[in-house]
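Asker:
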Amino acid sequence: MRAVTITSRNDEVSPNIIVQDDWPTPSARPGEVLVRTEASALNHLDLWVGRGLPGADEFPRISGSDGCGRVEAVGEGVDESWIGRRVLLNAAVCHHSPHLPDVIPTDPALHMIGETLPGTHAEYFTAPAANVLDIGESDPVQAAAFALSFLTSWRMLMSRARLKAGQQVLITGIGGGVALSCLAICRWLGCTTIVTSRHDWKLERARELGADHVVLDSNEDWSKTVRSITSKRGVDVCADSIGSAVHQACLSSLARGGTLVTCGATTGSGPTDLVRIFWNQLSILGSTMGDMAEFREVVALHLSGQLEPVIDTVHPVDEARTAWERLESGEQFGKIVLRWD
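Just add 69 to the spot in the sequence shown (first one is 1) and you have the working numbering.
(1) Considering only the alpha carbon of each residue, which of 334, 384 and 320 lies closest to residue 341?
(2) With distance defined between alpha-carbon atoms, name the residue in 386, 238 and 210 nearest to residue 299.
(3) Return the residue from the list 226, 241 and 265 that minimises the CA-CA distance to residue 257.
(4) Quick one: using the 10 Å Cβ neighbour count with 16 as the cut-off for buried, is residue 127 buried or exposed?
(5) Going by the beta-carbon positions, is the gap between residue 386 and residue 88 smaller than 9 Å?
(6) Go ahead and pull the three-state DSSP assignment for residue 115.
(7) Put residue 215 into one of helix, strand or coil per three-state DSSP.
(8) Which residue's Cα is closest to the Cα of residue 370: 211, 86, 192 and 103?
(9) What are the boundary residues of the alpha helix (DSSP H) that includes residue 368?
(10) Would you give the residue range spanned by the alpha helix (DSSP H) that residue 296 belongs to?
(11) Can you check which of these residues, 146, 130, 380 and 285, is closest to residue 197 by C-alpha distance?
(12) Alpha helix (DSSP H) containing residue 137: first to last residue?
(13) Output needed for residue 259: all residues of its chain with C-beta closer than 8 Å, excluding positions within five of it in sequence on either side, in chain order.
(14) Cβ atoms of residue 338 and residue 310: under 9 Å apart, would you say?
(15) Please list, in chain order, all residues of the same chain as residue 282 whose beta carbon is under 6 Å from its beta carbon, the five residues on each side excluded.
(16) What residues in its chain sit with their C-beta under 8 Å from that of residue 81, if we drop five residues either side in the sequence?
(17) Tell me where the alpha helix (DSSP H) around residue 273 begins and ends.
(18) Where does residue 266 fall in DSSP's three states?
(19) How many angstroms separate the CA atom of residue 112 from the CA atom of residue 381?
(20) Any idea what DSSP makes of residue 310, helix, strand or coil?
(21) Under three-state DSSP, which class holds residue 394?
(22) What whole-angstrom Cβ distance do residue 155 and residue 133 have, given they're in contact under 8 Å?
(23) Which of the three DSSP states is assigned to residue 228 in this structure?
(24) How far does the alpha helix (DSSP H) with residue 344 in it extend, from its first residue to its last?
(25) Given a threshold of 16 other Cβ atoms within 10 Å of its Cβ, counted over all protein chains shown, does residue 377 qualify as buried or as exposed?
(26) Quick one: grab the DSSP three-state call for residue 101.
(27) If we ignore side chains and look at the alpha-carbon of each, how far apart do residue 167 and residue 186 end up?
(28) Express the C-alpha separation of residue 404 and residue 83 in angstroms, rounding to a whole number.
(29) Helix, strand or coil for residue 209 per DSSP?
(30) Rounded to the nearest angstrom, what separates residue 248 and residue 274 at their Cα positions?
(31) What is the C-beta distance between residue 118 and residue 152, in whole angstroms, given that I count them as a contact (C-beta under 8 Å)?
(32) With residue 106 and residue 195 assumed to form a contact (beta carbons below 8 Å), what rounded beta-carbon distance in angstroms separates them?
(33) Could you give the distance in angstroms between the alpha-carbon of residue 352 and the alpha-carbon of residue 366?
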């Protein structure tokens, strides 16, 4: 089969992206489905895998945690009625028991398709049948762009931060998939949004998408601007995946009793302000992926047209390296997708 492979580990990932035409086609094992890929989407995880992660240190390898396609075959114990259905993947797998009817994000045995397990950037991929949803005849490009970032954002905001209509939310790094998904969910729920970016053009795009307030991150303490917007009160919730570079500003932007929820640390981790945390009774929550109940909830909103992903570019498979170059540049606004038809 054709597959986009990362040939070796390196800090710069895109030069190591090669499309291979003779990669072995996987087979569905017991409890699994074999999916013929129609679209796969890129995430920052595709860069982290190429730079080297524990348990993902053998190269060449296939990354990719977003995938949509039609079931081509099923393994033992899986109903054959799945064959021919268009399905969307939740890439989190409880590795010790792929037959589990649900994903448990806090399970120590949690693994990711596209990280420690072979990913979706290939003509075919396998997954536990319990990890896919039938999405009918929905657009596979839109679906692939939707899955991982919206599931991550849904768990962050709805399950972990317990976000409510009318609350004020700060979203850092607008332009990435998770940040844009958080913006869409906040608008759907009826929250006031403040977004940050280092780029004016991304802030303008965010305004067009309905962001209420925008703040330029110019490497200074922009929390003062956030507090000014909120009449010095601060925000109820901050959704962040940047980490160290903005951590103190995020804490300083929170109202008393506010919540910082994080799903990543692309700039690394660093010291935190314990005095502010205990004095202002702040909550700091971690969030990773989401379970199948959360996946069904958020995908249902997509299928009904209430939540839509923002797509930056769509590339044919032969342009895979260009797609990685775009992701690595940080100039994208929305999801980068590969088409496999």
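C-beta atoms are modelled at their ideal positions from N, C-alpha and C, and glycine is treated no differently.
Because the structure is a prediction, the values reported are computed rather than measured.
Answerer: Per the coordinate set shown:
(1) 320
(2) 238
(3) 226
(4) exposed
(5) yes
(6) helix
(7) helix
(8) 211
(9) 361-372
(10) 292-298
(11) 146
(12) Not the alpha helix (DSSP H): residue 137 falls in the beta strand (DSSP E), residues 135-143.
(13) 234 and 235
(14) no
(15) 263 and 298
(16) 397
(17) 269-277
(18) strand
(19) 12 Å
(20) coil
(21) helix
(22) No, residue 155 and residue 133 are not in contact; Cβ-Cβ is about 17 Å, not under 8 Å.
(23) helix
(24) 343-348
(25) exposed
(26) strand
(27) Residue confidence for residue 167 is low, a pLDDT of 47 falling below 50, so the modelled location carries little weight; the figure read from the coordinates is stated next. So the alpha carbons of these two residues sit roughly 12 Å apart.
(28) 17 Å
(29) helix
(30) 13 Å
(31) With a Cβ gap of about 30 Å, residue 118 and residue 152 do not count as contacting.
(32) Contact doesn't hold; Cβ gap of about 11 Å is too wide.
(33) 25 Å
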